[in-house]
Amino acid sequence: MADNVKRLHSRVPNSAWRGRSRGIIAVQWVSVSRLHSTAAELQTFVQSMEQQTFAILQHVSFSDEDSSTTKSDGSRNH
Numbered sequence: 001m002a003d004n005v006k007r008l009h010s011r012v013p014n015s016a017w018r019g020r021s022r023g024i025i026a027v028q029w030v031s032v033s034r035l036h037s038t039a040a041e042l043q044t045f046v047q048s049m050e051q052q053t054f055a056i057l058q059h060v061s062f063s064d065e066d067s068s069t070t071k072s073d074g075s076r077n078h
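full-length UniProt numbering applies: residue 1 is where the sequence shown begins, and numbers increase by one.
Written out as structure tokens, the structure reads:
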């Protein structure tokens, strides 16, 4: 990470690095890298959940005799 900060430092004018801006930019750099890793973890989690959901749906059988065709008193809808 230090190398990345040095590279960033070489692209930014010296006036931007005076005072507290050096610390602020370093904190923002760390936050961005954490955000990228969190996004990657979230994407992996979502893909895993999609696969599990798909696997579950493959094992569920949908029949014509489901509850949506039956009235609350037990008689059939026509």
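Glycine included, each C-beta is placed from N, C-alpha and C at the ideal position. Please read these numbers as outputs of a predicted model, since none were measured by experiment.
Rounding to the nearest angstrom, what Cα-Cα distance links H59 and S31 in this structure? As a first step, residue 59 is located in the sequence shown; it is residue number 59 there, counting from the start. As a first step, residue 31 is located in the sequence shown; it is residue number 31 there, counting from the start. Whole-angstrom Cα-Cα distance: 42 angstroms.
L35 versus Q52 - alpha carbon distance: Numbered from 1 along the sequence shown, position 35 holds the residue referred to as residue 35. Numbered from 1 along the sequence shown, position 52 holds the residue referred to as residue 52. Those two C-alpha atoms are separated by around 26 angstroms.
Just the Cα atoms here: how many angstroms apart are A40 and S33? The count along the sequence shown starts at 1 and reaches residue 40 at position 40. The count along the sequence shown starts at 1 and reaches residue 33 at position 33. For A40 and S33, the gap between their C-alpha atoms comes out near 11 angstroms.
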